[in-house]
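Engineer:
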Amino acid sequence: MKTIIKLGRRVAHEVKNPLTPIKLSAEQILKSLEDKSPDYEEIVKQSVNYIIDETDHLKKVSYGFLDLSRLEEIDAREFDLVELIGEELFNVRQIYSHIHFPLDVTGNAETVMVTLDKFKIKQVLKNLINNSIEAIGEIKGEVRLSLKKENHRVIIEIKDNGPGMEKSEFDRAFEADYSTKDIGTGLGLFIVKRIVELHKGHIEIRSEKNKGTHVILDLPETFS
Numbered sequence: 000m001k002t003i004i005k006l007g008r009r010v011a012h013e014v015k016n017p018l019t020p021i022k023l024s025a026e027q028i029l030k031s032l033e034d035k036s037p038d039y040e041e042i043v044k045q046s047v048n049y050i051i052d053e054t055d056h057l058k059k060v061s062y063g064f065l066d067l068s069r070l071e072e073i074d075a076r077e078f079d080l081v082e083l084i085g086e087e088l089f090n091v092r093q094i095y096s097h098i099h100f101p102l103d104v105t106g107n108a109e110t111v112m113v114t115l116d117k118f119k120i121k122q123v124l125k126n127l128i129n130n131s132i133e134a135i136g137e138i139k140g141e142v143r144l145s146l147k148k149e150n151h152r153v154i155i156e157i158k159d160n161g162p163g164m165e166k167s168e169f170d171r172a173f174e175a176d177y178s179t180k181d182i183g184t185g186l187g188l189f190i191v192k193r194i195v196e197l198h199k200g201h202i203e204i205r206s207e208k209n210k211g212t213h214v215i216l217d218l219p220e221t222f223s
């Protein structure tokens, strides 16, 4: 029963994350059709593509949980990390226009090829970016991502200028049952940490009340 409950909460968390941006994208389509601004067709196209992408993600999550034996497996394949991060940022930029999402890649590299589990790394990015967006709320803010490659490792950093956390809060952030949100499942960072560990990587959180949160991901260039 404990296993079923934990699994159910994990599914609920992964399904919950895309629902708000899907709803906002649909509302954006309706507003664009009503306003008929000069670029409304492009806005509608981008929003529809985002909804399709997110529903595909939900389908993969659903099928992944149906096959319990694969939850802890890594399906490592080569992909471009710059492209993956760029896609995630492109999507949230369309929806959360009040937040600035800069991306800094060391040496302005156009590609950073890695051999990791693309689907699971995407889950990590979605969770962390979503956490920063929720922390900032409706005020103007910034979520800055940086990427660098050194000594056969890739370092991804995510910094936001949200309200930050007390030390007692981020010390418990990776616990499975801990959440600072009223409707939080307490599994977001727990899932992130588990995925990073499966890749033989490391995650660190630095945060200060009223000064924002800084997450550092250290992953191998190639999973082996």
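Take the sequence shown: its letters are residues 0 to 223, numbered as in numbering that gives the first Met the number 0. Ideal Cβ placement from N, Cα and C applies to all residues, glycine included.
How long is the line joining the alpha carbons of residue 216 and residue 72, rounded to whole angstroms?
Structural biologist: Translated into positions along the sequence shown, residue 216 becomes position 217. Translated into positions along the sequence shown, residue 72 becomes position 73. Their Cα atoms are separated by approximately 20 Å.
Engineer: Could you please give the first and the last residue of the uninterrupted alpha helix (DSSP H) stretch that includes residue 168?
Structural biologist: Locating residue 168 in the sequence shown gives position 169, counting from the first residue. First-last of the alpha helix (DSSP H) with residue 168: 166 to 169.
Engineer: When you compare the CB positions of residue 214 and residue 88, do they come within less than 7 Å of one another, or not?
Structural biologist: As a working note, residue 214 is residue 215 in the sequence shown. As a working note, residue 88 is residue 89 in the sequence shown. Against a cut-off of 7 Å, the Cβ pair of residue 88 and residue 214 comes out as no contact.
Engineer: Can you name the start and end residues of the beta strand (DSSP E) that residue 156 belongs to?
Structural biologist: Position 157 of the sequence shown, counted from the first residue, corresponds to residue 156. First-last of the beta strand (DSSP E) with residue 156: 152 to 159.
Engineer: Are the stretch 146 to 165 and the stretch 197 to 216 touching, with three or more C-beta to C-beta distances below 8 Å?
Structural biologist: Touching, per the Cβ criterion.
Engineer: Please identify the residue among 171, 120, 99 whose C-alpha is closest to the C-alpha of residue 141.
Structural biologist: Against the sequence shown, residue 141 aligns to sequence position 142. Residue 141 has its Cα closest to that of 99, out of 171, 120, 99.
Engineer: If you pair each beta-carbon of the stretch 96 to 116 with each one of the stretch 26 to 44, do three or more pairs fall below 8 Å?
Structural biologist: No, the stretch 96 to 116 does not touch the stretch 26 to 44.
Engineer: Near residue 145, what residues of its chain come up, given a Cβ to Cβ distance below 7 Å and the 5 sequence neighbours on each side ignored?
Structural biologist: Translated into the one-based positions of the sequence shown, residue 145 becomes position 146. 103, 156, listed in sequence order.
Engineer: Using the C-alpha atoms, what's the distance from residue 35 back to residue 159?
Structural biologist: As a working mapping, residue 159 is identified with position 160 in the sequence shown. As a working mapping, residue 35 is identified with position 36 in the sequence shown. The alpha-carbon atoms of residue 159 and residue 35 are separated by roughly 34 Å.
Engineer: Taking residue 123 and residue 220 to be in contact with their CB atoms under 8 Å, please state how far apart those CB atoms are, rounded to whole angstroms.
Structural biologist: For this step, residue 123 is matched to residue 124 along the sequence shown. For this step, residue 220 is matched to residue 221 along the sequence shown. The Cβ separation is near 16 Å, so there is no contact.
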